[in-house]
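Student: Encoded as structure tokens, here's the structure I'll be asking about.
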Amino acid sequence: MDKKIGSVRYVLLICLLGSVTAVNAQPAPVKTQQAPVKAQQAPAKKQQASAKMPVTVKSLLEELTDRARLAEYAGDRWSLHHVSSYDRHSVAKDQEGWFANNDWDNYLRKEAHNGREEYVLLDTDGPGVITRFWAAGHPNQKAHLRFYMDGQERPFWDADHTGALIGHNTSIGTPLSQRSVEQDSLHINEGAQPGHNLYAPIPFAHHIKITYEKAPGGADAGFWYNIDYRIYQPGTSVESFSARSTTRYAAEFLKTNRVLQAFMDKPLLAAVVPGEKTMTNLSFSLEPGAEKTVPFEQAGAIRKILLSLEGSNVKGALDDAARDLWLQIDFDGINCVDAPVGFFFGSGDQLLTAKDWYSKSDTLGNMAAYWVMPYRHSASVRLVNKGSEKITGSLHVSAGVWVWNSRSQYFHAGFRRMDHFMTQKYTGQDFTYLDLHGKAGTYVGDRLQVYKPVGGWWGEGDEKIYIDGSHFPDDFGTGSEDYYGYAWGHPETFTHIFNAQPLGNANLSDRGGTTVDSRLRGLDAIPFHHDFHFDMESWNWHGGPVNFDWICFWYELPATEGAASASR
Numbered sequence: 009m010d011k012k013i014g015s016v017r018y019v020l021l022i023c024l025l026g027s028v029t030a031v032n033a034q035p036a037p038v039k040t041q042q043a044p045v046k047a048q049q050a051p052a053k054k055q056q057a058s059a060k061m062p063v064t065v066k067s068l069l070e071e072l073t074d075r076a077r078l079a080e081y082a083g084d085r086w087s088l089h090h091v092s093s094y095d096r097h098s099v100a101k102d103q104e105g106w107f108a109n110n111d112w113d114n115y116l117r118k119e120a121h122n123g124r125e126e127y128v129l130l131d132t133d134g135p136g137v138i139t140r141f142w143a144a145g146h147p148n149q150k151a152h153l154r155f156y157m158d159g160q161e162r163p164f165w166d167a168d169h170t171g172a173l174i175g176h177n178t179s180i181g182t183p184l185s186q187r188s189v190e191q192d193s194l195h196i197n198e199g200a201q202p203g204h205n206l207y208a209p210i211p212f213a214h215h216i217k218i219t220y221e222k223a224p225g226g227a228d229a230g231f232w233y234n235i236d237y238r239i240y241q242p243g244t245s246v247e248s249f250s251a252r253s254t255t256r257y258a259a260e261f262l263k264t265n266r267v268l269q270a271f272m273d274k275p276l277l278a279a280v281v282p283g284e285k286t287m288t289n290l291s292f293s294l295e296p297g298a299e300k301t302v303p304f305e306q307a308g309a310i311r312k313i314l315l316s317l318e319g320s321n322v323k324g325a326l327d328d329a330a331r332d333l334w335l336q337i338d339f340d341g342i343n344c345v346d347a348p349v350g351f352f353f354g355s356g357d358q359l360l361t362a363k364d365w366y367s368k369s370d371t372l373g374n375m376a377a378y379w380v381m382p383y384r385h386s387a388s389v390r391l392v393n394k395g396s397e398k399i400t401g402s403l404h405v406s407a408g409v410w411v412w413n414s415r416s417q418y419f420h421a422g423f424r425r426m427d428h429f430m431t432q433k434y435t436g437q438d439f440t441y442l443d444l445h446g447k448a449g450t451y452v453g454d455r456l457q458v459y460k461p462v463g464g465w466w467g468e469g470d471e472k473i474y475i476d477g478s479h480f481p482d483d484f485g486t487g488s489e490d491y492y493g494y495a496w497g498h499p500e501t502f503t504h505i506f507n508a509q510p511l512g513n514a515n516l517s518d519r520g521g522t523t524v525d526s527r528l529r530g531l532d533a534i535p536f537h538h539d540f541h542f543d544m545e546s547w548n549w550h551g552g553p554v555n556f557d558w559i560c561f562w563y564e565l566p567a568t569e570g571a572a573s574a575s576r
């Protein structure tokens, strides 16, 4: 998202929109839908249940709240796709415009409809389902958003402002429909409004089209959007969403929202997740360089990890422990997790109150993770003190039954640190989040910590995700904060089911600071067959050194003989 300096940016934006309110003359290289390539490690036998049991709003909501479903490979059943309002001057890495930043009001095309001019955001054949819709700009201004289903002339959803459908949809309810923050405007970025997120699934049997009609007179000063959607294998039975779906499935929406919110509201130490059968407890007092391990010697799945650090946080001692204590997990003799505990559990290199659907932490030194992590034969959970001071506390790991099959995947978490990355004012640079080769699996989320010593906005950069060797990004975003579910550099903290900002001090600050952002995935997880590459773009206002620390989460099918190792 383009956010120029101060309140002057807002005036300039309105002036610029006079020349860019229509679709660009040269459209982007829109990727066509391709049939999924069979994965090197994909299951040998395809199960036909998906063709017999229809995909419905109910089945998708059940999937969304079942963490174990992420651990089952689904890349031969569906693929994930993405459309956004990224700047269409970005055509290729080696051409001018790759870091172009006018990421608003860019559409697939303009078309006439019943005397109206409608701008097309998404137009694709099914069977499929929209899994996440993010919008920003001024979604509460009068400007129509319309959803057309299966070739019908009349939209099944129609609102006179986008917020009514995306971030404040009272028929869907929260937290499936939510705004990142409730503030409509910031005094340091006048007119800026929060990001709107819709996580409720919108399935379609044959076709879906989404259009946007601006308000007469251009009252809407720019529109940004990012949409993730699945395309199922041909022959998959999908029940299309309709104008009656929110009523028909009202009980399911209400139940799902209650399950999600109840988990978010429950105190960290009291949260219980399905599948917990046994709990292994370990007290530790680790000198620098020391380690302790919790072993599991039979097939199963880790369901919850609870870590409690002991001691006083005077002079940041517990914050140091969050940075210096590392969690390492091996599954069947393979190291799959290696990260500082603060990043793994959601608070970065300090203790913060943070929570999402997969993890929680507090400022007292308590941290918990709820990823489902299956293994065939054995697992070991290890704590390693990489700091210079003794670290004490307790570790509790619960496991449960898991019947390993051809779809079972190992959970992975990989951490990277990049200090003093030299950025240039108003100039983009890509750096690699994750690079996997010769692997099949599912990408499920990441966390980013940004520290910059100088003021100004850091997050103009777009995510660029390449799946299975694509030459152009399958996911080309509109700004770092847009990827993380908020907008306009809001520094306010928030914690939601799939996105969180427990610290925002580096955002639009005159003094610099630290920001921690998380995006975790559910229905919008990304399957890949043999390659996955994720670049994040650094693009900020003032340039200078920036420290980037990040952790990526993904699942991976067991490697076959001769498969290349992942490069992290």
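Per our numbering, the sequence shown starts with residue 9, numbered consecutively.
The C-beta atom is built at its ideal place from N, Cα and C for all residues, glycine as well.
Using a Cβ-Cβ cutoff of less than 8 angstroms, which residues in the same chain neighbour V267 once the five nearest sequence positions on both sides are dropped?
Tutor: Against the sequence shown, residue 267 aligns to sequence position 259. So the list reads T73, once near-sequence residues are dropped.
Student: Does the Cβ-Cβ distance between I310 and M375 come in under 8 angstroms?
Tutor: Taking the first residue of the sequence shown as position 1, residue 310 is located at position 302. Taking the first residue of the sequence shown as position 1, residue 375 is located at position 367. Against a cut-off of 8 angstroms, the Cβ pair of M375 and I310 comes out as no contact.
Student: What are the boundary residues of the beta strand (DSSP E) that includes M287?
Tutor: The residue you call residue 287 lines up with position 279 of the sequence shown. Counting along the chain, the beta strand (DSSP E) containing M287 begins and ends at T286 to L294.
Student: Starting from D490 and walking both ways along the alpha helix (DSSP H), at which residues does that stretch end?
Tutor: For this step, residue 490 is matched to residue 482 along the sequence shown. S488 to Y491 is the span of the alpha helix (DSSP H), which, as asked, contains D490.
Student: What does the alpha-carbon distance come out to for the pair N513 and W465?
Tutor: Locating residue 513 in the sequence shown gives position 505, counting from the first residue. Locating residue 465 in the sequence shown gives position 457, counting from the first residue. Whole-angstrom Cα-Cα distance: 11 angstroms.
Student: Roughly how many angstroms lie between the CA atoms of K217 and D131, to the nearest whole one?
Tutor: What you label residue 217 is simply residue 209 of the sequence shown in a count that begins at 1. What you label residue 131 is simply residue 123 of the sequence shown in a count that begins at 1. Looking at the two C-alpha atoms, the distance is approximately 4 angstroms.
Student: Would you give the residue range spanned by the alpha helix (DSSP H) that K263 belongs to?
Tutor: Stepping through the sequence shown from its first residue, residue 263 is reached at position 255. A258 to D273 is the extent of the alpha helix (DSSP H) around K263.
Student: Does the Cβ of D427 have 16 or more other Cβ atoms within 10 Å, making it buried, or fewer, making it exposed?
Tutor: To locate residue 427, count along the sequence shown from 1; it is residue 419. Exposed.
Student: Assess, as a yes-or-no matter, whether the stretch 228 to 237 is touched by the stretch 136 to 153 under the definition of 3 or more beta carbon pairs within less than 8 angstroms.
Tutor: yes
Student: Report the residue from H445, F540, T503 and H550 whose alpha carbon sits nearest the alpha carbon of R527.
Tutor: Taking the first residue of the sequence shown as 1, we reach residue 527 at position 519. Restricting attention to H445, F540, T503 and H550, the CA atom closest to the CA of R527 is found in T503.
Student: Run through the DSSP bridge pairs and tell me what F107 is partnered with.
Tutor: Along the sequence shown, read from residue 1 onward, the residue named residue 107 stands at position 99. None, per the DSSP bridge assignment.
Student: If you compare alpha carbons, which of S369, L565, L206 and E80 is closest to A279?
Tutor: As a working note, residue 279 is residue 271 in the sequence shown. The shortest C-alpha separation from A279 is found at S369.
Student: Straight-line CA distance for Y366 to N122?
Tutor: One-based indexing of the sequence shown puts residue 366 at position 358. One-based indexing of the sequence shown puts residue 122 at position 114. Computed Cα separation, rounded: 46 angstroms.
Student: With DSSP as the reference, please indicate the residues paired to S2 in a beta bridge.
Tutor: This structure cannot settle anything about residue 2, because the visible part of the chain is limited to 9 through 576.
Student: Need the endpoints of the beta strand (DSSP E) that D476 sits in, please.
Tutor: Locating residue 476 in the sequence shown gives position 468, counting from the first residue. It is not in any beta strand (DSSP E) - D476 carries neither H nor E in the DSSP assignment.
Student: Could you give the C-beta distance for K398 and S293, rounded to a whole number, given that I count them as a contact under 8 angstroms?
Tutor: Locating residue 398 in the sequence shown gives position 390, where the first residue counts as 1. Locating residue 293 in the sequence shown gives position 285, where the first residue counts as 1. About 6 angstroms separates the two Cβ atoms, so the contact holds.
Student: If you draw a straight line from the C-alpha of Y434 to the C-alpha of E247, how long is it?
Tutor: Residue numbering aside, residue 434 sits at position 426 when the sequence shown is read from its first letter. Residue numbering aside, residue 247 sits at position 239 when the sequence shown is read from its first letter. If you take the alpha carbons of Y434 and E247, they lie about 46 angstroms apart.
Student: From what residue to what residue does the alpha helix (DSSP H) around D327 run?
Tutor: Reading the sequence shown from its first residue, position 319 is the one you call residue 327. It spans A325 to D332 - the alpha helix (DSSP H) in which D327 sits, taken as one unbroken run.
Student: Helix, strand or coil: which one does DSSP assign to L403?
Tutor: Locating residue 403 in the sequence shown gives position 395, where the first residue counts as 1. Here L403 sits in strand by DSSP.
Student: Once DSSP output is grouped into helix, strand and coil, what is the label at E125?
Tutor: Here residue 125 is taken as the residue at index 117 of the sequence shown, counted from 1. In the structure shown, E125 sits in a strand (DSSP, three-state: E or B).
Student: Tell whether a beta-carbon distance below 8 angstroms holds between Y494 and V189.
Tutor: By one-based count along the sequence shown, residue 494 stands at place 486. By one-based count along the sequence shown, residue 189 stands at place 181. Yes, these two residues count as a Cβ contact at 8 angstroms.
Student: Kindly indicate the opening and closing residues of the alpha helix (DSSP H) around K66.
Tutor: Taking the sequence shown and counting its residues from 1, one reaches residue 66 at position 58. Unbroken alpha helix (DSSP H) run through K66: V65 to L72.
Student: Start and end of the alpha helix (DSSP H) containing V349?
Tutor: Position 341 of the sequence shown, counted from the first residue, corresponds to residue 349. Unbroken alpha helix (DSSP H) run through V349: V349 to F353.
Student: Tell me the rounded alpha-carbon separation between I313 and T486.
Tutor: In the sequence shown, the residue the question calls residue 313 occupies position 305. In the sequence shown, the residue the question calls residue 486 occupies position 478. Computed Cα separation, rounded: 35 angstroms.
Student: Assign T503 to one of three DSSP states: helix, strand, or coil.
Tutor: By one-based count along the sequence shown, residue 503 stands at place 495. Strand at T503.
Student: Count the other CB atoms, across all protein chains shown, that sit within 10 Å of the CB of H214; report buried if there are 16 or more and exposed otherwise.
Tutor: Indexing the sequence shown from 1 puts residue 214 at position 206. Classification of H214: exposed, given that the 10 Å Cβ count is below 16.
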